[in-house]
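Everything below concerns the one structure shown next.
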Amino acid sequence: MAATFPAEDEKTLMTKLDLESLAESILRGTYPGVSSYEIDILAAETAASMATQHVLYARLAARILVSLNHKYTPPTFSDAVEAIDEEIQYIDPSIVDLVRRRGDEISQRIRNERDLEFSYFGFKTLERSYLLKTNDGKFLERPQYLLMRVALGIHCTERISGKVTPEEEDLRLQAAFETYDYMSEGYFTHASPTLFHSGTTHPQLSSCFLVQMSDDSISGIYDTLKRCAVISKSAGGIGLSVHNIRARGSPIKGTRGTSNGLVPMLRVYDVTARYVDQGGGKRPGAFAVYIEPWHSDIFDVLNLKKNHGKEEQRARDLFYGLWIPDLFMKRVENDENWSLMCPDQCPGLPECSGKEFEELYEKYEKEGKYVRQMPAREVWSAILESQIETGTPYMLYKDAANEKSNQKNIGTIQCSNLCTEIIQYTDEEEVAVCNLASICLPKYVVSDRGSYGSVDPDSGRAYFDHEALHRTTKIVTRNLNRIIDINSYPIPGAKKSNRRHRPIGLGVSGLADAFIRLGLPFTSDQAKELNEAIFETIYHAALEASVELAAEDGHYDTFPGSPASRGEFQFDLWNTPADDLPSKRAKKGKPYLGKYAEPYQTEGYDWGKLRSSMMEHGLRNSLLLAPMPTASTSQILGVNECFEPFSSNLYLRRVKAGEFIMANPHLLQDLTDRGLWTPEVRNQLMRDGGSVANIDVIPSDLKEVYKTVWEIKMKEIIDMAADRGKFIDQSQSLNLFIANPNMDKLTAMHFYAWKKGLKTGMYYLRTKPAVNAIQYTVDKGSAPSGSVAIVDDSQDVCVSCQA
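All residue numbers for the sequence shown refer to the UniProt record's numbering, where the first residue is 1 and numbers rise by one.
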């Protein structure tokens with residue numbers, strides 16, 4: 001095998017793993033004339049397939065792949081840059097020039113041994129979509145080369161001011177080394193488009209684009225379609241508002257005909273999403289279509305993603321979201337009538353919110369301008385029926401999104417993005433853009449344990465390091481701010497919007513992993529307090545960095561008149577007193593876990609001082625936080641997605657190499673450490689669908705820590721979303737989970753989320769299948785009564801912001 005290990009690992013592998021059985025399995029897969037490369041791949045896949053037997057099999061599988069990658073890639077970063085420049089001409093010329101002049105210095109900063117920390121599936125994800133390779137599939141990058149390319153691309157390109165002085169070049173290079181080290185050690189990662197394109201000849205580094213229809217005309221519709229196609233080609237996910245397009249049956253003055261409505265138009269967008277994939281085949285094209293529930297084509301749109309019905313009435317490759325005014329929710333709650341309208345006959349509704357919207361809507365009702373009226377609950381039932389069948393439409397609350405936005409001085413926000421966490425103003429001329437990065441939260445758990453395993457928080461051996469999180473957040477904020485300036489925008493409207501408002505989107509990954517490493521059940525009081533405290537730290541640090549940037553370079557163009565210009569923070573817009581923030585409560589003896597940044601140890605964060613600085617200097621960035629799904633990047637980092645609980649402790653991961661049964665690595669480590677990971681426990685975990693609740697040998701404290709999301713009340717998940725929401729100035733990709741949904745359950749859940757003040761009430765509705773078609777078990781003699789969750793990466797179909 002190509003893999004090499006430190007001496008202590010070799011000893012552990014020899015004693016803990018059945019290498020003889022592994023070797024026999026590998027030999028059974030060989031054939032006459034098999035190459036050494038194929039044997040290494042087979043060895044890695046075989047070890048990965050045995051990962052549920054012992055945690056070290058997965059580590060062995062990953063290290064075989066890493067060693068193989070190192071064997072066939074250039075030996076230094078400088079050599080790799082030269083090879084990429086020669087073979088595919090894809091590195092930014094300024095980076096090539098820098099590496100030719102200072103390549104030895106840069107190459108010495110590379111820490112190839114850190115590649116050994118990737119998990120098997122994390123490394124496979126990098127191989128599949130991120131590492132640069134030749135047209136015939138030969139890899140030219142190692143993971144560490146990728147991260148250095150990204151860091152240099154952010155800090156050392158000359159796209160802004162041309163040639164730089166030697167002193168400035170030194171400063172930029174040191175900033176790149178800092179970014180590289182933090183990313184290399186897993187403290188944060190930039191989003192997928194940034195990883196794809198940073199440091200290349202095509203530096204389109206943005207993740208999300210919000211598009212508004214140019215106007216309700218053939219020219220406007222097809223101009224918008226072209227904009228969507230160009231953005232998709234550049235690896236951008238799209239949110240599109242269609243509220244202003246006239247409804248089916250509305251008159252068209254120019255042709256004396258009538259409109260066909262939204263459905264035929266959206267079918268054209270559906271085909272375009274399939275045809276124009278993201279980033280040259282890295283991901284399918286992905287458009288989310290937003291509509292307000294007063295539009296008279298609402299029922300047609302709710303049917304578009306359903307699995308049955310006439311094909312000409314379906315557009316299944318689009319994603320659908322509702323942009324819901326409070327008035328609709330009040331009408332449903334009070335069982336009142338709702339009026340469906342055509343925007344051509346009732347103009348102005350998309351452009352206003354809150355009381356202004358209600359007054360205009362009711363004015364049109366009194367004038368009889370609606371297309372038809374019906375009980376509001378009839379529309380509501382159609383929404384829930386679609387969600388039960390398809391998991392969509394997304395639920396976003398228009399008035400909360402606008403009232404709690406720092407961009408509300410610009411105009412009415414009319415839609416979100418593909419993953420429901422970006423809330424920005426856009427219009428016919430501006431295409432809102434967001435650049436994303438996520439912070440890996442378990443890295444800030446300080447303990448005497450390794451990467452996995454829980455620690456008793458009462459022992460004093462573990463805490464959450466807010467000081468380190470605060471420091472990292474400021475680095476990431478500066479990185480994202482710089483990306484705004486160096487980015488290659490796919491269309492002019494995107495550049496105009498991003499340069500005027502300068503929004504960024506900070507997110508997180510691995511919140512569930514952080515709780516587990518601290519020994520905290522996901523919905524325990526301490527976990528809830530820490531959830532809130534983490535986002536206070538991130539919000540404070542991001543604001544502080546943005547104020548510092550504004551003092552250096554000036555505030556963003558539309559800062560005057562914003563809530564921030566009046567000294568209002570996001571928690572002020574949620575009507576939360578500063579004295580009730582986590583860092584303040586922590587000083588009063590209430591539960592929290594961790595230490596805060598040094599300057600704020602005594603009294604908690606000094607929000608008053610920051611408020612004064614913000615009003616004096618302004619902000620460099622209009623928006624700062626937007627926790628996104630982090631699908632593929634969480635997989636690269638080896639942690640659970642964003643802020644979600646684990647959905648199962650045992651699952652089937654399906655990739656191009658085959659199907660692999662995987663266990664929650666924390667649970668596997670904990671049970672292995674306690675001598676409880678036996679074939680019997682493994683089989684019962686299979687039978688129980690990944691739940692530990694009924695496994696008698698597992699202690700009760702571990703059962704609490706390893707509850708799956710199906711065993712957690714959605715009320716508590718929504719409460720935690722609202723707790724952190726007061727520090728999130730955009731929104732959050734909040735999935736909700738109901739195993740067996742019905743109208744009553746969904747209604748109670750949605751109204752609770754709305755009344756808690758969430759901007760995003762629901763991203764996807766996750767459910768369990770009514771019938772388990774396929775069941776998997778380790779022991780063929782066992783009789784499975786449950787099923788294993790399936791994670792399908794074989795087609796690389798994930799379309800989330802970080803995927």
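Glycine residues also receive a C-beta, built at the ideal position from the N, C-alpha and C atoms.
Using the Cβ count rule (16 or more neighbours within 10 Å means buried), how would you classify residue i?
i: H308; result: exposed
i: S21; result: exposed
i: T189; result: buried
i: A151; result: buried
i: A286; result: buried
i: K780; result: Per-residue confidence for K780 stands at a pLDDT of 40, beneath the threshold of 50, marking its modelled position as unreliable; the derived number appears in the next sentence. It is exposed - the Cβ of K780 has fewer than 16 other Cβ atoms within 10 Å.
i: F569; result: buried
i: S509; result: buried
i: D723; result: buried
i: T134; result: exposed
i: I218; result: exposed
i: K355; result: exposed
i: V431; result: buried
i: A626; result: buried
Is the beta carbon of residue i sitting closer than 8 Å to the one on residue j?
i: P604; j: L624; result: A small correction: the amino acid at residue 604 is Gly; Pro does not occupy that position in the sequence shown. In this structure, L624 does not lie closer than 8 Å to G604 by Cβ.
i: V55; j: T672; result: yes
i: N640; j: D513; result: yes
i: I231; j: I423; result: no
i: S546; j: T477; result: yes
i: D300; j: G261; result: yes
i: D85; j: V96; result: yes
i: G236; j: P203; result: no
i: M183; j: L131; result: no
i: K305; j: T412; result: no
i: R248; j: S198; result: no
i: D270; j: N244; result: no
i: L60; j: L17; result: yes
i: W294; j: Y361; result: yes
i: L480; j: N435; result: yes
i: N402; j: S353; result: yes
i: P343; j: R246; result: yes
i: T194; j: L225; result: no
i: G595; j: E467; result: For clarity, residue 595 is Lys in the given sequence; the question names Gly instead. Taking 8 Å as the Cβ cut-off, K595 and E467 qualify as a contacting pair.
i: F660; j: S207; result: no
Identify, in the order they occur along the chain, each residue of the same chain with its Cβ nearer than 7 Å to the Cβ of residue i, setting aside the five sequence neighbours on each side.
i: R109; result: F177 and Y180
i: L396; result: G321, L322, W323, I324, S416, T420, K759, T760 and G761
i: I388; result: P741
i: D399; result: P325, D326, S353 and G354
i: G137; result: none
Between residue i and the rest of its own chain, which residues show a CB-CB distance below 6 Å, the 5 nearest in sequence each way excluded?
i: L469; result: Y444 and T537
i: Y290; result: S241, G321, W323 and C415
i: S782; result: In this prediction, S782 has a pLDDT of 39, which is less than 50 and means its spatial position is unreliable; what the coordinates show is noted afterwards. Result list for S782: N683, in chain order.
i: H617; result: V547, A550 and A551
i: R274; result: D317
In the DSSP assignment, what residue or residues form a beta bridge with residue i?
i: L650; result: A663
i: A288; result: G239 and F319
i: P375; result: N337
i: L506; result: A437 and L625
i: L765; result: L736
i: K595; result: D465
i: T200; result: I91
Grab me the residues of residue i's own chain with a C-beta within less than 8 Å of its C-beta, minus the 5 sequence neighbours each way, in chain order.
i: L685; result: N649, L650, A663, S691, V692 and I695
i: G122; result: A62, Q635, I636, L637 and G638
i: M374; result: N337, W338 and L340
i: N531; result: L511, F643, M720, D723 and R724
i: R500; result: E430, Y556, D557 and T558
Is there a Cβ from chain B that is less than 8 Å from the Cβ of residue i?
i: A229; result: Absent here is chain B; the protein component of the structure consists of one chain.
My parser needs the beta strand (DSSP E) runs of 3 or more residues fully inside the stretch 209-254; what are they?
237-241
Report the start-end ranges of each alpha helix (DSSP H) in the stretch 386-471 that is 4 residues or longer and not cut off at the edges.
Taken in chain order, the complete alpha helix (DSSP H) segments of 4 or more residues contained in the stretch 386-471 are 398-403.
Secondary structure, alpha helix (DSSP H): runs of 4+ residues fully inside the stretch 298-328:
Listed in chain order, the complete alpha helix (DSSP H) runs (minimum 4 residues) inside the stretch 298-328 are 298-303.
What runs of the alpha helix (DSSP H), each 4 residues or longer, lie entirely inside the stretch 48-128?
55-72, 77-87 and 93-109
Quick one: which unbroken alpha helix (DSSP H) runs of 4-plus residues sit fully inside the stretch 490-559? Chain order, please.
The stretch 490-559 contains these whole alpha helix (DSSP H) runs: 492-501, 511-517 and 525-553.
Length at least 4, wholly inside the stretch 128-198: the alpha helix (DSSP H) runs in chain order:
143-155, 166-184 and 192-197
Whole alpha helix (DSSP H) elements within the stretch 15-41, 4-residue minimum
Listed in chain order, the complete alpha helix (DSSP H) runs (minimum 4 residues) inside the stretch 15-41 are 19-28.
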